[in-house]
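Everything on this sheet refers to the single structure shown next.
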Amino acid sequence: MTCGNSLIKSYLRRIVLTLRGRPFAVLRVEEVYKLPDRREFADAVFGTPERNGEVVRRGFDEKHPGWLIYRSLKPLAVAGKVAIVNPPRFREPYGRFWLPPAESRKLIEARGWRVVVAHQTRNVPHVGHEVFMKRALFVAGGGRPGDAVLVNAVIGARRLGDFVDEAILEGHEALALGGYFAGGRHVVSFVLWDMRYGSLLESILHGVIRQNMGATHHMFGRDHANVGDFFDPYAVHVLWTRGLPSYGVDKPPHEVDKGLRIRPVLLGEFAYCPKCGEWTYLGGPGEGPLCGHEVERVSGSLLRGVLLEGLRPPSVVMRPEVYDVVVKWWRVHGHPFVTVKYLRAKEEALEVL
Amino acid sequence: MRRIALYLDEGRLARLRGTPFERLVRPMFGGGLYMLVLELDDALGELVLRRFPSARVDARGFVEDLPASFRRALFEELVAGGDVKAAVLAALERASEEEEVPPP
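Residue numbers (our numbering), protein chains in the order written: chain A, 3 to 355; chain B, 657 to 760.
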């Protein structure tokens, strides 16, 4: 990758970025890069089993959406400071969840919160997610619950079969409205971003975004920003525990010089124990449930299967208020999950006015 | 080996009674729902994964995010009798990645 092509730079001083055909932001060009062969570039970014064997399980290919984005990039990349000239206005229900970084920090300061844990999501919450958030509050608070969970949903390119965006946002909101989090200590927001599913790499970006929003901690669980079986399910934990020299990060991102201030909360899975009648910590590889019974792992995919069978998930796995939100948006879109029809409608309407 | 789970309430469970698949049913969430677990050889599992763009293998190792039409056709094939492979192949024939599913 070459940087600083002065001829290109002299022509590209400012770039106007548009949204729905109207000026949205201005990029002041500070750096220009000519990208090498994009396949090599994508491998250099995401890694290879040979070079990054501690976390990369198999070679990346076109089935990985993020690798495909990098492989398909144009040959020129520019970088610089971005100034928003026309802040976006969002359609409902997005509008009430839009919390730009400065406003988020103002909210946190106004409420006097000292320990705020960010939760990244692309899912309608099941009770396992709720337990995860509550447990992370305790971990971040050092044995006493922290002040709040800042849910930050990623809204952007969607995969067929995902929950629709509106249900993700309102589903999380339903946890607070239903009283499962008290006193406004559960805030739902979103960020516009097309997931790269870069696992450990994307976790650094998530740390930056949520630190900018004022969060003090970030929870990372199994398969964070992960898809398929390219990365180890706990690659993010490796990065935030001891660093990954093979990616040029010798220490965890919050321990390197001028690194992030946000602290990680690294947790494994939670599972439902039918004998105990409650959720228990299952942990990660080599760990077992806290209780001595046979527990049931619950995945978002499992719940989507239950819903598609026309069945109502029991309240021990999905709060009834959350289920009602899913059905509400099911009626609107004719399907509870992302379909080609939904994608087409989103392309035409977008989230912004 | 790949696995597919069909989810059942009491009504659907009753329709499986007396079939060879009844013994494959296990309770979920303390008996709130039931799950019929089907084991597919690798080739059949890959066929299902390739057939539906939304299909994926979840953290438990199950093939999930399958269309409702496939799930329902598979259940009906199993109730009608026959083995798992034949039922899966027949359901693949009948199913499509639907744009609409009636809400409950």
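For every residue, glycine included, the Cβ atom is placed at its ideal position computed from N, Cα and C. For clarity, every value in this text was computed on a predicted model and none was experimentally measured.
Beta-carbon proximity check, residue i vs residue j, cutoff 8 Å
i	j	result
residue 84(A)	residue 27(A)	yes
residue 673(B)	residue 718(B)	no
residue 118(A)	residue 149(A)	yes
residue 186(A)	residue 126(A)	no
residue 226(A)	residue 238(A)	yes
residue 168(A)	residue 90(A)	no
residue 122(A)	residue 166(A)	no
residue 230(A)	residue 66(A)	yes
residue 755(B)	residue 725(B)	no
residue 110(A)	residue 216(A)	yes
residue 182(A)	residue 132(A)	yes
residue 795(B)	residue 311(A)	Any question about residue 795(B) goes unanswered here, given that chain B covers just 657 to 760.
residue 356(A)	residue 274(A)	Residue 356(A) cannot be examined here, being either before or after the span of chain A that is shown, 3 to 355.
residue 228(A)	residue 192(A)	no
residue 333(A)	residue 180(A)	no
residue 57(A)	residue 345(A)	no
Residue i - containing beta strand (DSSP E), residue span
i	result
residue 192(A)	188 to 194
residue 197(A)	No beta strand (DSSP E) holds residue 197(A); DSSP gives it neither H nor E.
residue 115(A)	Run containing residue 115(A): none; DSSP gives neither H nor E here.
residue 285(A)	280 to 285
residue 152(A)	150 to 157
residue 272(A)	271 to 275
Sequence-distant residues of the same chain with beta carbon closer than 8 Å to residue i, five excluded per side
i	result
residue 689(B)	663, 664, 665 and 683
residue 74(A)	40
N-terminal and C-terminal residue of the alpha helix (DSSP H) that residue i is part of
i	result
residue 174(A)	167 to 179
residue 350(A)	342 to 351
residue 121(A)	Counting along the chain, residue 121(A) falls outside any alpha helix (DSSP H), though it belongs to the beta strand (DSSP E) covering 118 to 123.
residue 222(A)	Not the alpha helix (DSSP H): residue 222(A) falls in the beta strand (DSSP E), residues 219 to 222.
residue 71(A)	67 to 73
residue 726(B)	724 to 736
residue 236(A)	Unbroken run through residue 236(A): none, as it is neither H nor E.
residue 330(A)	322 to 335
residue 142(A)	129 to 143
residue 702(B)	698 to 707
residue 309(A)	302 to 310
residue 749(B)	740 to 750
residue 666(B)	666 to 672
Closest by C-alpha distance to residue i, when choosing among the options
i	options	result
residue 277(A)	749(B), 685(B), 731(B) and 723(B)	685(B)
residue 680(B)	670(B), 758(B), 693(B) and 687(B)	693(B)
residue 196(A)	15(A), 72(A) and 344(A)	72(A)
residue 309(A)	182(A), 206(A) and 339(A)	339(A)
residue 210(A)	260(A), 250(A) and 182(A)	260(A)
residue 710(B)	342(A), 323(A), 53(A) and 346(A)	342(A)
residue 749(B)	671(B), 704(B) and 669(B)	704(B)
residue 141(A)	221(A), 128(A) and 97(A)	221(A)
residue 37(A)	49(A), 78(A) and 13(A)	78(A)
residue 349(A)	135(A), 158(A), 193(A) and 52(A)	158(A)
residue 42(A)	153(A), 104(A), 53(A) and 290(A)	53(A)
residue 25(A)	17(A), 32(A) and 31(A)	17(A)
residue 203(A)	97(A), 267(A), 312(A) and 248(A)	248(A)
residue 2(A)	103(A), 201(A) and 321(A)	There is no way to answer for residue 2(A), as the model of chain A reaches only from 3 to 355.
residue 205(A)	281(A), 268(A), 15(A) and 145(A)	268(A)
residue 194(A)	323(A), 124(A), 252(A) and 287(A)	124(A)
residue 264(A)	207(A), 105(A) and 325(A)	207(A)
residue 212(A)	82(A), 101(A) and 57(A)	101(A)
residue 68(A)	201(A), 97(A) and 32(A)	201(A)
residue 304(A)	687(B), 691(B) and 670(B)	691(B)
Other residues of its chain near residue i: CB distance less than 6 Å, five sequence neighbours each side excluded
i	result
residue 224(A)	235 and 271
residue 178(A)	188
residue 356(A)	It is not possible to answer for residue 356(A), since the shown part of chain A is limited to 3 through 355.
residue 734(B)	677 and 743
residue 327(A)	169, 172, 173 and 176
residue 129(A)	319
residue 107(A)	216
residue 160(A)	340
residue 47(A)	72
residue 49(A)	58
Residues near residue i in its chain [Cβ-Cβ closer than 7 Å; skip 5 each side]
i	result
residue 700(B)	741 and 744
residue 730(B)	662, 743, 744 and 747
residue 139(A)	119, 147, 148 and 151
residue 88(A)	24, 25 and 26
Q) Just by C-beta distance, which residues in the region 290 to 324 of chain A are closer than 9 Å to chain B? A) Under the 9 Å Cβ criterion, the region 290 to 324 of chain A contributes 298, 299, 300, 301, 302, 303, 304, 306, 307, 308, 309, 310, 311, 312, 313, 314, 315, 316, 317, 318 and 319.
Q) Got a sec: which bits of the region 196 to 230 of chain A sit with their beta carbon under 7 Å from any beta carbon on chain B, in order along the chain? A) Legend: CB atoms of the region 196 to 230 of chain A lying less than 7 Å from CB atoms of chain B belong to residues 224 and 225.
Q. Closer than 8 Å, Cβ to any Cβ of chain B: which residues of the region 267 to 279 of chain A, in chain order?
A. For the region 267 to 279 of chain A, the set of positions with a beta-carbon nearer than 8 Å to some beta-carbon of chain B reads 271, 274, 276 and 279 in chain order.
Q: Check each residue of the region 667 to 687 of chain B: if its Cβ is closer than 9 Å to any Cβ of chain A, include it; give the result in chain order.
A: Of all residues in the region 667 to 687 of chain B, 668, 683, 684, 685, 686 and 687 have a Cβ within less than 9 Å of some Cβ in chain A.
(Q) Beta carbons nearer than 9 Å to chain B: which residues of the region 137 to 165 of chain A have them? (A) The region 137 to 165 of chain A vs chain B, Cβ under 9 Å: 161, 162, 163 and 164.
Q) Got a sec: which bits of the region 332 to 346 of chain A sit with their beta carbon under 9 Å from any beta carbon on chain B, in order along the chain? A) The residues in question are 332, 333, 335, 336, 337, 338, 339, 340, 341, 342, 343 and 344.
**Q.** Contact list for the region 697 to 718 of chain B against chain A, Cβ threshold 9 Å
**A.** So the list reads 708, 709, 710, 711, 712, 713, 714, 715, 716 and 718, given in the order they occur along the chain.
Q: Check each residue of the region 119 to 131 of chain A: if its Cβ is closer than 7 Å to any Cβ of chain B, include it; give the result in chain order.
A: None of the residues of the region 119 to 131 of chain A has a beta carbon lying less than 7 Å from any beta carbon of chain B.
Q. In chain order, what residues of the region 725 to 758 of chain B put their CB closer than 7 Å to some CB of chain A?
A. Within the region 725 to 758 of chain B, the qualifying residues are 727, 755, 756 and 757.
**Q.** chain B contacts made by the region 42 to 69 of chain A, where a contact means CB separation under 8 Å
**A.** So the list is empty, because no residue satisfies the distance condition.
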